Amino acid sequence: MTEIALPRPAASVMSDPGSIGRFGEYGGRYVPESLIPACAALEEAFRDAWADPRFRRDLDRLLAVHAGRPTALTPAWRLSAELGVNVLLKREDLAHTGSHKINNVLGQALLAKRMGKTRLLAETGAGQHGVATATAAALLGLEATVYMGEVDIERQALNVFRMKMLGAEVIPVTSGTRTLKDSTSEALRQWVTCVDEAHYCLGSVMGPHPYPWMVREFQRVIGDEARQQCAAELSIGVPDYVVACVGGGSNAAGTFAGFVDTPARLVGVEAEGGAAIAFGQVGVLHGFRSYLMQDENGQVTEAHSIAAGLDYPGIGPEHAHLKDSGRARYVTVRDEEIVPAVHRLARTEGILPALESAHAIAWVIRAAESGELPPWSTVLVTLSGRGDKDMATLMAAS
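First residue of the sequence shown: 1, per UniProt numbering; consecutive thereafter.
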């Protein structure tokens, strides 16, 4: 392929957003006055911990001995032969609890202990963040309360059972569309009432500062590992494309962080029914400013995706900045492309991806077959989670 060198990113791209928590015009801290001190204390605690070699050593050890890092980089040989491009899979589905969520949650749980908190509050859509939160709480001796929409509880029943087995309290959310947006609103409301003893363990690169930055830093282990593995695997050192699914965008942010200063093209894949960057406008939700799906009156509209983890009407503020700066590109795929992508990866590589991850695979398949991806270009895809949790949805759709 013809390689076109990309300009080096501006220093502000994927760096420390400073005390105001801004990524360009996005981010910030739009919360009730009662939560401002809690967010400021969390920022101070994170800055202190992240600069402390002992904290970093403790987290690295937990990630190694409990989460199973480093995760593998798997060449998808048969799929590559069919598509005519070299596909490499970063296997977050092999991490303990079955998704990348454990990276961020172990970091936040360790930070909560350091801050003297005794409880973790969390929201979850697909259930993977809830399972990871319940797991980290059990490991570190914390209580866990997880808010989850009724619709998501029904379609992710297996993960609800896992959370309860791990000792977490799962509280159904019955407001709105009873999905991720509503469970996030409820978790933020509850945090106000118990901020002295509880840490809000937010699951993605969204929310008020410092969450988007902090979660990206806890997830950058994905990109850092993948870059080292690609350097060992590839003669050119880095892949031509780095692709990840995007809801709030934590696995994509962590992956992109490892490659943002390389010539690799960064591609985030949104669900068409929840494509905040593709179809949204700038607004404020859940404490941050970013692209949101809105109606003509500026009201946030409901998102829809076959993948519960992408069923969110907004996108993390750093992704909005990456889009505006031109450093990353964001594309959409339709629900009807997802199940065939799951089947194709399963039958060529023996891997069942989560429905969320299958969005990234679906775009690679489409782009390779349409010629958008140059022949035998190298494409790194992050598999954010495994598909066991989605069997009921897949059985109904097959």
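The C-beta atom is built at its ideal place from N, Cα and C for all residues, glycine as well.
Quick caveat, the model's predicted, so the values are computed rather than measured.
*When the distance is taken between beta carbons, is A346 closer than 7 Å to R352?*
According to the sequence as given, residue 352 is Leu; it is not Arg. Their beta carbons are under 7 Å apart, which means L352 touches A346 by this criterion.
*Which residues bound the beta strand (DSSP E) around T124?*
119-124
*Measure the C-alpha to C-alpha separation of A40 and V105 and round it to an integer number of angstroms.*
20 Å
*Residue nearest to E150 in terms of C-alpha spacing, selected from T184, G167, A362*: T184
*Strand pairing of residue 400, partner residues [DSSP]*: This structure does not reach residue 400, given that the chain is present from 1 up to 398, and the question cannot be answered.
*Check each candidate in S34, E43, M14, A38 and name the one with the smallest Cα separation from I20.*
E43
*At what residues does the alpha helix (DSSP H) containing Q299 begin and finish?*
That residue, Q299, is in no alpha helix (DSSP H); it is neither H nor E in DSSP.
*Measure from the alpha carbon of R162 to the alpha carbon of each residue in A144, V87, V13, then state which is nearest.*
A144
*For F23, write down the residues that DSSP places opposite it in a beta bridge.*
Y26
*Closest Cα partner of Y30 within the set P212, K113, V221*: P212
*Taking the Cβ atom as the reference point for each residue, do G130 and H321 lie within a distance shorter than 7 Å?*
no
*Nearest to D196 (by Cα), restricted to the options G107, P210, Y241, A112*: A112
*Are the region 274-291 and the region 223-232 touching, with three or more C-beta to C-beta distances below 8 Å?*
no
*Determine the burial state of N297: buried for a count of at least 16 other Cβ atoms within 10 Å of its Cβ, exposed for fewer.*
exposed
*Could you please give the first and the last residue of the uninterrupted alpha helix (DSSP H) stretch that includes G283?*
First-last for G283: 281-285, but that is the beta strand (DSSP E), not the alpha helix (DSSP H).
*Within the same chain, show all residues whose beta-carbon is closer than 8 Å to that of R265, passing over the 5 residues directly before and after it, in chain order.*
L6, D240, Y241, V242, R329
*Do you know whose CA, among T74, T97, G18, lies nearest N86's CA?*
T74
*Can you give me the Cβ contacts of I171 inside the same chain, cut-off strictly under 6 Å, excluding the 5 residues immediately before and after it?*
Y147
_Exposure label - R56; buried when at least 16 CB within 10 Å_ = exposed
*Return the CA-CA distance between S235 and L373, expressed in angstroms with no decimal places.*
19 Å
*asked:* Looking only at its chain, what residues have a beta carbon closer than 7 Å to the beta carbon of R78, apart from the 5 residues adjacent to it on each side?
replied: T348, E349
*Enumerate in chain order the residues of its own chain whose CB-to-CB distance from L142 is below 8 Å, with the five nearest sequence positions on each side excluded.*
A109, A112, K113, K117, T118, R119, L120, A136
*Could you pull out every unbroken beta strand (DSSP E) segment of at least 3 residues lying fully inside the region 167-225, listed in chain order?*
169-173, 198-200
*Reducing DSSP to helix, strand and coil, say where F259 ends up.*
coil
*Who are the Cβ neighbours of A134 in its own chain at under 6 Å, not counting the five residues just before and after it?*
A144, M163, L166, A168
*Would you kindly work out how many angstroms separate the C-alpha atoms of L59 and H209, rounded to a whole number?*
22 Å
_Given this structure, state the Cα-to-Cα distance separating K389 from Y291, to the nearest angstrom._
29 Å
*Evaluate P53 with the Cβ neighbour count: other Cβ atoms within 10 Å of its Cβ, from every protein chain shown; 16 or more gives buried, anything less gives exposed.*
exposed
_Suppose you measure from the CA of T186 to the CA of R386; what does that come to, to the nearest Å?_
One detail in the question is off: residue 186 reads as Glu in this sequence, not Thr. So the alpha carbons of these two residues sit roughly 27 Å apart.
*Rounded C-beta distance between A122 and T97? I'm assuming under 8 Å.*
Not quite, the Cβ-Cβ distance comes to about 13 Å (not below 8 Å), so this is no contact.
*asked:* Given this structure, state the Cα-to-Cα distance separating G247 from L355, to the nearest angstrom.
replied: 12 Å
_Contact set for A278: own chain, Cβ-Cβ below 7 Å, skip 5 residues either direction_ = E270, Y330, T332
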